[in-house]
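*Asks:*
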Amino acid sequence: VWLTSSGLWQPGRVPRAGVEMALVAAGAAAVGGPAPGLGGSSPKGARSLPSLDDPRLPHRLQAALQTQTNWPDVQRMKQMTSLSLQHAGFTGREFAYMPAMLRLMPYIQSIDLSLNPIGPHWTSILAVGLESVGESLLSLELWGCSIEDLAGLAAALEHANSATSRGLKRLGLANNSLFPKGLRALPAALKETPKLTSLDLSRNPLGEGGARLLAMALRHTPELTLLGVGECKLGARGAMFLAEGLMQTKELEELLIQCNEIGPAGAWELVQAFQCTPKLVTLDLAWNLLGQDGVRALAFALQQCRKLSRVSIGGNALDPSVERELSHGLRQTAHGLLLPPRM
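At position 22 of the sequence shown the residue is numbered 836 (the numbering used here), and the sequence of numbers has no breaks.
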C-alpha cells in the first residue's frame, strides 16, 4: 500500500504519479525524445502521449493500422467492435500509441495483442486506453506478450467495472513470464472483473506461490466457466491451493490442468474441489504423473460431475483400457479402478 498526497492506493495499483511518469516515459520513447526528469521538458500525463497525427509514426504501427483497422477513416474506425493486432511486432514504442487508437474506437468489445512484447509500462498505457473503451470491452487477449508483472492491471481494469459497463468476460494471459512475484496483483485485478467467464494463465511458471495467489483471486470471479492453468508447474502443493480456489467456481464448465506434475497427491487434493463444480463438462489432466492412485482419486471426482463428457488423461502411465474409459467420461467400473456412479 502506498501513501500519497491524494490518499491510499491498494496493492496491485500504481500510484497516479507513477502512472503519469510511466506514460510520459513511454510517450517520449515513442516519438524519440527524452522523458521528463531525463533532460527533457515536463508535459504532464496523457498530453505527452503520442498521437496518430504524428508524422513520425513507427513503420510497424502504420502497417498495423492500415491492415487491421479502418485508419485513417475516422468515421469507419468508430464503427469497429474488434481490434486484432496479433504478431504486429509492437514493442513499448508502438504500444504507447494504443490510447490514441482506442479513442477513435469507442465501441471496441475485443482487443487481441497476442505475440507482441509490449514493454514494462503496459498496464499504465492500457489504463489510459481503457478510459475510452472500458464500458464496451468484453475480451482482452495478451497471449505471449512477454509480460512479467501484473502490477497496475487493477487500475486499468477498473474502467471496465463501472456501473454502466458491460464487464470484462475474457482475460487471456497465457504464455507469458508470470512467476509468483509478478502475480501478486492478480487478486486485486480480478476484483475488477466480477463478470469474468474465461481466464487463461496457461504456460506461465506460476508454481505453488502462484497457485496460492490464484486461489485468492478466484473468490472474485463467481461466473467463471473456463480456467486454463496448463503447464504452470503447479505440483501437488499447487494443486492443493488450486482446489481451494475451485471451490469458489460453481459455474465452471472447462478446466485445463495438463502438464503440471501434480501426481497422485495432487489428484486427491482436487477431489473435494470437484464436488463444487457440478457443471464441469471438459477436464484436461494429461501428463500429470497421476498413476493408478491418481486415477482412483479421479474416479471419485467423476462421480460428482454428472455433466462431464470430455476427459483427457493421456501420458499418465495408465492401462490403455482405463484411459479410454475415463477419456470418454464414462463413470463405470474399469479394471477395478473406477467406482460405480451414485444413484
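Quick reminder that beta carbons are idealized off the backbone N, C-alpha and C, glycines included. Keep in mind it's a predicted model, so treat the numbers as computed, not measured.
(1) With burial defined as no fewer than 16 other Cβ atoms inside 10 Å of the residue's Cβ, what is the status of V888: buried or exposed?
(2) Per DSSP, what are the beta-bridge partners of I925 in this structure?
(3) With DSSP as the reference, identify every bridge partner of R984, one or two as the case may be.
(4) Where do the ends of the alpha helix (DSSP H) carrying V1125 lie?
(5) How would you write the range of the alpha helix (DSSP H) that L1104 sits in, first residue to last?
(6) If you run the structure through DSSP and keep just helix, strand and coil, what is T1159?
(7) Could you give the C-beta distance for L964 and L997, rounded to a whole number, given that I count them as a contact under 8 Å?
(8) Provide the residue span of the alpha helix (DSSP H) that contains T937, from first to last.
(9) Look up E1068 in the DSSP assignment and give the residues it is bridged to.
(10) Excluding five sequence neighbours on each side, which residues of the same chain lie with their C-beta closer than 8 Å to the C-beta of P1008?
(11) Taking all protein chains shown into account, decide if T1039 is buried (16 or more other Cβ within 10 angstroms of its Cβ) or exposed.
(12) Using three-state DSSP, classify M1061 as helix, strand or coil.
(13) If you draw a straight line from the C-alpha of R1120 to the C-alpha of C1090, how long is it?
(14) Less than 8 Å separating the beta-carbons of F904 and I922?
(15) Just to check my reading of the structure: A1003 and L971 have Cβ atoms closer than 8 Å, yes? What is that Cβ distance to the nearest angstrom?
(16) Given that a residue counts as buried once 16 or more other Cβ atoms are within 10 Å of its Cβ, and exposed if not, what is H873?
(17) Does E1045 come out as helix, strand or coil in the three-state DSSP assignment?
(18) Can you tell which of P1134, L1020, I925 has the C-alpha that lies nearest to the C-alpha of L952?
(19) For a quick check, are the C-beta atoms of R1017 and F1055 less than 8 Å apart?
(20) Would DSSP call M919 helix, strand or coil?
(21) Helix, strand or coil for F993? Go by DSSP, reduced to three states.
(22) Quick check: what's the CA-CA separation for I1076 versus E955?
(23) Measure from the alpha carbon of L804 to the alpha carbon of each residue in Q1072, S1012, R907, M915, then state which is nearest.
*Replies:* So, to answer that:
(1) exposed
(2) L897, L954
(3) S953, S1012
(4) Per DSSP, V1125 belongs to no alpha helix (DSSP H); it is in the beta strand (DSSP E), 1124-1126.
(5) Where L1104 is concerned, there is no enclosing alpha helix (DSSP H), given that its DSSP letter is neither H nor E.
(6) Lying before the first or after the last residue shown, residue 1159 is absent from the chain, which here runs from 815 to 1157.
(7) 6 Å
(8) 936-947
(9) L1040, T1096
(10) N975, G981, H1034, T1035, P1036, E1037
(11) buried
(12) coil
(13) 12 Å
(14) no
(15) 6 Å
(16) exposed
(17) coil
(18) I925
(19) no
(20) coil
(21) coil
(22) 27 Å
(23) The structure shown has nothing for residue 804, since the chain only spans 815 to 1157.
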